[in-house]
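Just so you know, full-length UniProt numbering puts 23 at position 23 of the sequence shown, and the rest follows in order with no gaps. All C-beta atoms in this analysis are idealised placements derived from N, C-alpha and C, irrespective of residue type, glycine included. First up is the structure itself, then whatever we jot down about it.
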Amino acid sequence: MNQIGMGTFGFLSIIVFIIQFAKEILLIFLMYKGIKVLNIYINKNRSQKKDDAKEINKRNLENEEEKRIQ
1 MNQIGMGTFG FLSIIVFIIQ FAKEILLIFL MYKGIKVLNI YINKNRSQKK
51 DDAKEINKRN LENEEEKRIQ
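What follows is the structure, given as structure tokens:
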């Protein structure tokens, strides 16, 4: 009876180890994907802010030219 209990305990220990290992691999994979998405978002916003700044500069220059003409 004692051997059967130890065999079951060993089997469950192996299963728990495999599940925990798979969980860690999944966690690393999700972190990697999250970082990739975050980089895309940051780069998109950075380029959009540059475009917005250029547009604001153009408007300011146009306003200054209009004031000079008047």
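Spatial neighbours of residue i in its chain, beta-carbon cut-off 6 Å, leaving aside the 5 residues before and after
i, result
"TYR41", "none"
"PHE17", "none"
What residue ranges within the region 24-48 form continuous beta strand (DSSP E) runs of no fewer than 3 residues, ordered along the chain? none
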